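> Can you keep this structure in mind? I'll have questions shortly.
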Amino acid sequence: MYQYLYKKGHISTSAEAFISDYITLYKNFLTNLPMLTPLNFEPLRKKYIKKKEENMSHPPGYPYSKEEFKDLKERHEKLQKFLDTDYKGLKVWHLPDDIKEYLIQVSTPSYRQLALIKIDEIKAQTKQLIKDCKALEKKKPEERTLRAGHIAQILARDMVYLRKHHQHIKDGKVHHSKLNDEEYNRLQNLLAYFQKDDIQAHLDQYRLLELHPFLKDVKLENSKNLYEYYKKYLEKRKEYFIGVYDSIDLFAPIFKKAEQYLKKFHGVNKDEKDKKVKKSLLELKKALFNFDRQVIKIFLKNYITDWKGINLGNCKNAEDFCFHVFSIEKEFKDKTFFNIDELQNKLGYLFDFKYQENQPEKLDKNYAQIPIALPSSLFKDAIIEGIEKAMQKEGKKLTFGKDEEGNEKRTVVYALREWLENDTQVFYTHNRHYKMPEKSKEIFSKEQIKRIECQVISLENRKELYHYKELSLYEWIDKPEKYDKLKEIAQKDALKKFRSYLLSTEKVLRLEQHKDRVLWLLAKDLSENRTQGTNLDFKNFKLKDLEKFLDTPIKMEVKVNYIVDKEDIAVNNAISGKPCTSEKQLIEVGAVSETLKIKDYGDLRRFAKDRRLPNLFRYFYDVKSKGEALSKTELEKAITLLEVRNLIQRNEDGSKIFKDKITVLEKAMELEQLLHEKYGQPDTDFENTRLGKYWKQEQPKDSHISHNTYIKFLQDKTLGIDLNINPIVGMDGAQHLNNDKELAKSKRTHPEQTLEACLIILLRNKLIHNEVPYTTFLQSKMQADFTPEQVVRQIIDESMRIYDQLIAEVKKQTA
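This is the structure in C-alpha cells:
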C-alpha cells in the first residue's frame, strides 16, 4: 500500500528509503539512550498480568486500577511528546519494554506480588481438581473417565514439583539434587498399581516425606485405594497453600484492620460513613504502597491512634511497617508471616523468578548492539498521510471517527474506506445472521432471543457495532417482571460470550474487506503499467462491480515453455539462439490464446502447463513465426485425440473402427503378441526359447518383457526381418541425428540400437507417457497449413503405418 501511494506521488519517500531512515533514527536514539534522563514521575509499581483463561476477557487497563491506568497513560503521552520533538517517527510502542519502563519510571513487580499470583494459580488448580472429583462421583461407574494412570501421573508430578531440592556440597560447590527420569517413572508406576510398601520405601529412599511440605500428613496406610489417597492429597494441598497465601499476603489483613478503625472514627451515618471510609482507605493504600511516611504519619495521628506508637523512622519500607502492626495487634500474634528472606528460603524453589527490589528499570544492556526489529505498524502514519494528500488532490477531506474520550481513530482501514467512498463487494453489505448457541437460548425467552438476534443482523446497527467496542447487549433486553439475580448473572455471562464471538467475527470480516480493497488498487496499478501480456481496463468499473468486471470477455495469452537439457544445444539454438547456462532451462516456445471471461484466466494458465503442448508447438517452428499464439480451442481438439476414442467408421456388422493414441498402443501390443507366439513358444520352457534367451540377456532382473526389448529383438539379422521403415527421407543417418537431438540422445544412450529401433521406441514411449512425440522424420510429413489437430492425426497415422509394416514383416516370416 505504501509503495502504491509512493508511485502515485502521494508519498515522497520510497519504502526502502523510509525503512533506512527509520533504522538510522532508531540507532541514534539507542546511541543517545545512556544520556537520556527518565521523565520526572514518581515510580509506579508494575503489575503482573495473569494469562487469559478461556472465554475470559480482561477489563480496560487490567491489571492496574483506574487511577494507575490513567497515570500510566499520561506517562506514555509525555514520552511520546518527547519522542516527537527529538526523534520524530519513533513511537512509544516501538521501544523495548525495559527501555520504555525506564523512561516512564515504572518499577518492577515485587517478589511478594509475583509469589501471591503463583500461589493463587496453584490454589485455583487444586480447587478445580477437587471439583472434578466431586463431579466424577455423581456419575455412574461406567461413565467415569478418570483412570489410575492419570491419577498417578498427577500425583507423581506434583510430589516432585513440591519436593524441596536437597542440597549437598561436592567439590566445594553447592548442588541441588532432583529425581531423575528413571526415579520419577518408578514412582509413577508404583502409584498406578498402588503398592503401599513399595511406595513407602520409594518415598523414604528419596526423602520425599522429609522434603515435601505436607506429604507426611497424607497417611498412606489409611487409604484403601489410589483414588482415596488422591482425594486426601488434594485436601492437604488446598489447606497448605491457603496457609501459605495468608502468610505471604501482608497487606490484606492490615487493610481489613484499618477499615475497622476507620469505620469507628467516621461515625454512624451509614451512607456518608461508607463513602468516607472508602476514600480514606484508598488514600492509605496509596500511601502505604508508595511508603509515603508523611501521609502515613497523619493517618496514625488522626485516624488510627492505636498504631501511633509505631516509629516510622525504624521502618525501611511498607513491609517493615506491616510487621510492626502485627507485633501490636493481638489477633496477629499467633499467625505466621514471611519476610522476603523467609519467603525466598522456604518457597523460592517453587517460583521461576528472582527477587528484585521495588526500583525502576535500570539499563544494564548494551542497547547499541541489539538488533532492530521493524514494527508491524511502521508504515501506518505515512500511509494515512498519503491517503489524506490523495483525497486533498481530489477535493475531498479525510475525517476520522472519535472514541469515547474524543480521540481520533486514525486507522489505515478507516482511511482507505473513506478514500474509496466505502466501495466494496456486494456480499460485504448483506445482512449477517448471528445465532445464539442452543445452550444459551435456554435461559432467555423467545421474545428476548428474537430481539437480541435482530439487533445484530440489521445493516443499520452494524456501523454502531464497528465503533462501540464496549457494547452491552444486556441493555437491549426487557427485564422480566419477576427479578431473578442468578438468572441475570447467567444471562449477562451468555451475552458477553455472544458479543465477544460477534465482534471478533466482524473484525475478521473487516480485515478481509480491507485486504480486498488494497488488492483492487494494486491490480489497477499493475494493469496500467504493464508493457506486455493482457491489460485489463479498470476505468469503467468499481469494486462493487467486481462480478460484472470478472465476467467481461477479453482476449488473453499465456506463454508455453519447454524444458531443455544443457546438452541439447541444437534444440536450444533452434528455439532461442542462446546457449544454455544451467543444467535445465525454460525456453518459450509460443503462447496459447483465447477469448475468455477474466475470471477464467486460471483455466488458461493451467492448460498452458499441459505437458503435451511444448512438443506440439515445435511442429510449427518452420511454418509459423516463433511466439505466435495458437488457439486454445484448436489445441484442445488435438489433445482430445490423445485422451478419448476417435471413431472413424462403423462396419456393417456394427463393429467400430478407431484411429487415436489407444489404437497405436493396441498395434504395439499386437506386435508383442505376434513375436511371442512365433519366437516364445512353448510357454512351459520359455527361457530356453529364442525370445526368452534374448530377454534374460537384456533384462536379467526383470519379471516381464518390455516393449523396448521386443523392438531390439527385431534387430537380430538372423530373423530375416526387414526393419527398414524408411524413417529418413532425403538425408543420411548422420545428418538426421544432427537435426534431431532427442533421437540422437536415445541413440547415444543405447548405441546397440539401430536408428529405426530408436525411432519406434521413442514414438511409443512418448505416447504412453502422455506426451506428443517430436522427430524431424515426423516434421517432414507435416504440411505448412496443418492445424494442431491435423498434426496429431498425422503423428497417429505415421505411428500406425510403422507398426503395420512391422507386423506385416513378422507375419511374412511366420507364413
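Just so we're aligned, residue 1487 is where the sequence shown starts under my numbering, counting upward by one.
Where is the CB? At the ideal position from N, CA and C, for every residue including glycine.
Model, not experiment: these values are computed from the prediction.
Take the Cβ of Ser1506 as the centre, count every other Cβ of all protein chains shown within 10 Å, and call the residue buried at 16 or more, exposed below.
The sequence position of residue 1506 within the sequence shown is 20, counting from 1. Result: exposed.
> Phe1515 by DSSP, collapsed to three states: which one?
The sequence position of residue 1515 within the sequence shown is 29, counting from 1. Looking at Phe1515 - three-state DSSP - the assignment turns out to be helix.
> Among the residues of its own chain, which have a CB less than 7 Å from the CB of Leu1860, if the five just before and after it don't count?
If you number the sequence shown from 1, residue 1860 lands on position 374. Counting only Cβ-Cβ distances below 7 Å, and skipping sequence neighbours, we find Ile1505.
> Are the CB atoms of Glu1871 and Leu1884 nearer to each other than 7 Å?
On the sequence shown, position 385 is the one that residue 1871 refers to. On the sequence shown, position 398 is the one that residue 1884 refers to. For Glu1871 and Leu1884, no; Cβs fall outside 7 Å.
> Using the Cα positions of Lys1932 and Gln1977, report the straight-line distance between them to the nearest angstrom.
Within the sequence shown, residue 1932 is the residue found at index 446, counting from 1. Within the sequence shown, residue 1977 is the residue found at index 491, counting from 1. Distance between the alpha carbons of Lys1932 and Gln1977: 14 Å.
> So what does DSSP say about Ile2049, is it helix, strand or coil?
Indexing the sequence shown from 1 puts residue 2049 at position 563. In this structure, Ile2049 counts as strand in the three-state DSSP scheme.
> Name the residue from Tyr1920, Pro1923, Glu1928 and Ala1868 whose alpha carbon lies nearest to the alpha carbon of Ala1901.
To locate residue 1901, count along the sequence shown from 1; it is residue 415. Residue Ala1868 is the option with its Cα nearest to Ala1901.
> Please classify Gln2299 as buried or exposed, where buried requires at least 16 other C-beta atoms within 10 Å of its C-beta.
Position 813 of the sequence shown, counting from 1, holds the residue named residue 2299. Under this definition Gln2299 is an exposed residue.
> Considering Lys2142, what are the terminal residues of the beta strand (DSSP E) in which it resides?
Along the sequence shown, read from residue 1 onward, the residue named residue 2142 stands at position 656. Where Lys2142 is concerned, the enclosing beta strand (DSSP E) stretches over Lys2142 to Phe2144.
> Determine the burial state of Ile2049: buried for a count of at least 16 other Cβ atoms within 10 Å of its Cβ, exposed for fewer.
Working through the sequence shown from its first residue, we reach residue 2049 at position 563. Label assigned to Ile2049: exposed.
> Roughly how many angstroms separate the alpha carbons of Gln1911 and Phe2027, rounded to a whole number?
Counting from 1 along the sequence shown, the entry for residue 1911 is found at position 425. Counting from 1 along the sequence shown, the entry for residue 2027 is found at position 541. The alpha-carbon atoms of Gln1911 and Phe2027 are separated by roughly 12 Å.
> Please name the residue, chosen from Ile1784, Met2286, Gln2159 and Tyr1492, that lies closest to Lys2297 on a Cα-to-Cα basis.
Reading the sequence shown from its first residue, position 811 is the one you call residue 2297. Considering only alpha carbons, the answer is Gln2159.
> Any idea which residues DSSP pairs Thr2081 with across the strands?
Working through the sequence shown from its first residue, we reach residue 2081 at position 595. Bridge partners of Thr2081: Lys2041.
> Taking all protein chains shown into account, do 16 or more other C-beta atoms lie within 10 angstroms of the C-beta of Ser1944, making it buried, or fewer, making it exposed?
Walking along the sequence shown from the start, residue 1944 turns up at place 458. Residue placement at Ser1944 is poorly supported in this model, since its pLDDT is 49, which falls under 50; the coordinates still yield a value, given next. Exposed.
> What whole-angstrom Cβ distance do Leu2248 and Ser2232 have, given they're in contact under 8 Å?
Residue numbering aside, residue 2248 sits at position 762 when the sequence shown is read from its first letter. Residue numbering aside, residue 2232 sits at position 746 when the sequence shown is read from its first letter. Confirmed, Cβ separation roughly 6 Å.
> So His1698 and Leu1648 are supposed to be a Cβ contact under 8 Å. How far apart are they, rounded?
Mapped onto the sequence shown, residue 1698 falls at position 212. Mapped onto the sequence shown, residue 1648 falls at position 162. At roughly 6 Å, the Cβ-Cβ gap stays under 8 Å, so His1698 and Leu1648 are in contact.
> Where DSSP assigns a beta bridge to Glu2074, which residues make up the other side?
Within the sequence shown, numbered from 1, the residue matching residue 2074 stands at position 588. Glu2074 pairs with Asn2047.
> With DSSP as the reference, identify every bridge partner of Lys1888, one or two as the case may be.
Taking the sequence shown and counting its residues from 1, the one referred to as residue 1888 is at position 402. For Lys1888, which the question treats as bridged, DSSP gives the partners Glu1894.
> Measure the Cβ-Cβ separation of Leu2072 and Leu2157 and say whether it is below 7 Å.
What you label residue 2072 is simply residue 586 of the sequence shown in a count that begins at 1. What you label residue 2157 is simply residue 671 of the sequence shown in a count that begins at 1. For Leu2072 and Leu2157, no; Cβs fall outside 7 Å.
> Let me make sure I understand the geometry here. Which of Phe1930, Phe1865 and Leu1736 has the alpha-carbon closest to that of Tyr1492?
To locate residue 1492, count along the sequence shown from 1; it is residue 6. Minimum Cα distance to Tyr1492 is reached at Phe1865.
> Taking DSSP's pairing of strands, which residues face Ala2115 in a bridge?
Along the sequence shown, one-based indexing puts residue 2115 at 629. Answer is Ala2077.
> I'd like to confirm the pairing. Which residues does DSSP put opposite Leu2133 in its beta bridges?
For the purposes of this step, residue 2133 is identified with residue 647 of the sequence shown, where counting begins at 1. Answer is Phe2144.
> Could you tell me whether the segment 2123-2135 touches the segment 2264-2280, where touching means 3 or more Cβ pairs closer than 8 Å?
Yes, they touch.
> By Cβ distance, which residues of its chain are closer than 7 Å to Leu1770, with the 5 residues on each side in sequence left out?
Along the sequence shown, read from residue 1 onward, the residue named residue 1770 stands at position 284. The residues are Ala1744 and Phe1785.
> Grouping DSSP H, G and I as helix and E and B as strand, with all else coil, what is Ala1976?
For the purposes of this step, residue 1976 is taken as residue 490 along the sequence shown, with counting starting at 1. Residue state, collapsed to three classes: helix.
> Does the distance from the C-beta atom of Val1646 to that of Tyr1670 stay below 7 Å?
As a working note, residue 1646 is residue 160 in the sequence shown. As a working note, residue 1670 is residue 184 in the sequence shown. Yes.
> Cβ atoms of Asp1684 and Leu1676: under 7 Å apart, would you say?
In the sequence shown, counting from the first residue as 1, residue 1676 sits at position 190. In the sequence shown, counting from the first residue as 1, residue 1684 sits at position 198. A contact, by the Cβ cut-off of 7 Å.
> On a Cα-Cα basis, can you pick out the residue from Pro2186, Lys2164, His1636 and Phe1515 that is closest to Arg2302?
With the chain covering 1487 to 2301 only, the question about residue 2302 has no answer from this structure.
> Along the chain, which unbroken stretches of the alpha helix (DSSP H) at least 4 residues long are found entirely within the segment 1580-1624?
List check, alpha helix (DSSP H) in window: 1583-1589 and 1597-1623.
> Less than 7 Å between the beta carbons of Lys2010 and Phe2024, yes or no?
Residue numbering aside, residue 2010 sits at position 524 when the sequence shown is read from its first letter. Residue numbering aside, residue 2024 sits at position 538 when the sequence shown is read from its first letter. The answer is yes: Cβ separation under 7 Å.
> Which ranges would you report for the beta strand (DSSP E) in the segment 2230-2279 if only whole runs of at least 3 residues count?
Within the segment 2230-2279, no complete beta strand (DSSP E) run reaches 3 residues.
> According to DSSP, is Glu1629 helix, strand or coil?
Sequence index remark: in the sequence shown, residue 1629 carries index 143 (1-based). If DSSP states are grouped into helix, strand and coil, Glu1629 belongs with the helices.
> Among Lys1710, Tyr1731, Phe1812 and Asp1760, which has the Cα closest to the Cα of Ile1740?
Residue numbering aside, residue 1740 sits at position 254 when the sequence shown is read from its first letter. Measuring from the Cα of Ile1740, the nearest candidate turns out to be Phe1812.
> Check Pro2186 in the structure and name its three-state DSSP category.
On the sequence shown, residue 2186 is found 700 positions in, with the first residue counted as 1. Three-state DSSP puts Pro2186 in coil, outside helix and strand.
> From what residue to what residue does the alpha helix (DSSP H) around Ile1869 run?
Within the sequence shown, the letter at position 383 stands for residue 1869. Element bounds for Ile1869: Lys1866 to Lys1879.
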